[in-house]
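Quick note on our numbering: the sequence shown kicks off at 1477 and runs consecutively.
All C-beta atoms in this analysis are idealised placements derived from N, C-alpha and C, irrespective of residue type, glycine included.
To start, the structure under review is shown below, and the notes come after it.
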Amino acid sequence: MKKTVANADEAIADIPSGASLMLGGFGLCGIPENCIAALVRKGINNLTCISNNAGVDEFGLGLLLKTRQIKKMMSSYVGENAEFERQLLSGELEVDLIPQGTLATRIAMAGMGIPAFFTPAGFGTEIAEGKETRRFGDKDYLMEMALHADFSIVKAWKGDKMGNLVFRKTTRNFSTSMARAGNVTIAEVEELVEPGQLDPDEIHVPGIYVHRIFQGSGYEKRIERKTVKI
1477 MKKTVANADE AIADIPSGAS LMLGGFGLCG IPENCIAALV RKGINNLTCI SNNAGVDEFG
1537 LGLLLKTRQI KKMMSSYVGE NAEFERQLLS GELEVDLIPQ GTLATRIAMA GMGIPAFFTP
1597 AGFGTEIAEG KETRRFGDKD YLMEMALHAD FSIVKAWKGD KMGNLVFRKT TRNFSTSMAR
1657 AGNVTIAEVE ELVEPGQLDP DEIHVPGIYV HRIFQGSGYE KRIERKTVKI
């Protein structure tokens, strides 16, 4: 099956308004920048976006927030985005804040076909409202459901035309699990190579999970928060 597409616009062409999307990256590291820009151009809306964070103003998911294309955010950290804060406080944006470990595990469970799991995180807080609880030993736990998406969009360091992906360092956070948890997985890569050019022992996501892949361009190396010492 041919998985390579020419560019981001072709890769996301069939994503409709109202879709649920997982978007890889950790902070501003490993964000699928080309696909996010293509989603802005496409102009679809009412999106549910699942991501560890919400980008920053004018970058990452901040671009989709600016154009009001996101209806709901499911994230664990959103503290660097002023537009996100404004939309949340004004009631324009639905937000589901999820403990980071719980978010990561819900996505991983979806990729493994496990429908639910128990965690102590959030027990006794607002997060526990409406959820099943159970006691194991002398500790209470919440039942959390696996988290799926219509489309998973990730950015990898390298990939081959069969869809095998290699990530670098922190970019593996969330992206490797998200690539397994979407009904359709789209990967943009910094370098696209022929099958057989990747060391099998270095592959983090096998191509069986990836439906479309293309070589991206113009990536930025942003700093989320710059700290200087005087």
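Starting from N1418, trace the beta strand (DSSP E) both ways and give me its first and last residue.
-> The question about residue 1418 has no answer here: the residues shown for the chain are numbered 1477 through 1706.
Can you give the Cα-Cα distance for S1527 and F1599, rounded to whole angstroms?
-> On the sequence shown, position 51 is the one that residue 1527 refers to. On the sequence shown, position 123 is the one that residue 1599 refers to. Taken atom to atom, the span from the alpha-carbon of S1527 to that of F1599 is near 22 Å.
Report the rounded CA-to-CA distance for L1504 versus K1631, giving the unit in angstroms.
-> The residue given as residue 1504 occupies position 28 in the sequence shown. The residue given as residue 1631 occupies position 155 in the sequence shown. The straight-line gap separating the alpha-carbon atoms of L1504 and K1631 is approximately 12 Å.
Under the DSSP definition of a beta bridge, which residues are partnered with N1459?
-> Nothing can be reported for residue 1459, as the shown portion of the chain is limited to 1477 through 1706.
Coil, strand or helix - Y1462 by DSSP | Residue 1462 is absent from the model: the chain starts at 1477 and stops at 1706.
S1628 versus I1706: straight-line alpha-carbon distance, rounded | Counting from 1 along the sequence shown, the entry for residue 1628 is found at position 152. Counting from 1 along the sequence shown, the entry for residue 1706 is found at position 230. The straight-line gap separating the alpha-carbon atoms of S1628 and I1706 is approximately 42 Å.
Would you kindly report the start and end of the unbroken beta strand (DSSP E) that includes A1570?
-> Here residue 1570 is taken as the residue at index 94 of the sequence shown, counted from 1. According to the sequence provided, residue 1570 is Glu. The question's Ala does not apply to it. Note, E1570: beta strand (DSSP E), 1570–1573.
Which term fits L1565, buried or exposed, when burial requires 16 or more other beta carbons within 10 angstroms of its beta carbon?
-> In the sequence shown, the residue the question calls residue 1565 occupies position 89. Exposed, since its Cβ has fewer than 16 Cβ neighbours within 10 Å.
Beta-carbon separation (whole angstroms), V1686 vs L1623, contact threshold 8 Å = What you label residue 1686 is simply residue 210 of the sequence shown in a count that begins at 1. What you label residue 1623 is simply residue 147 of the sequence shown in a count that begins at 1. V1686 to L1623, Cβ: 19 Å. No contact.
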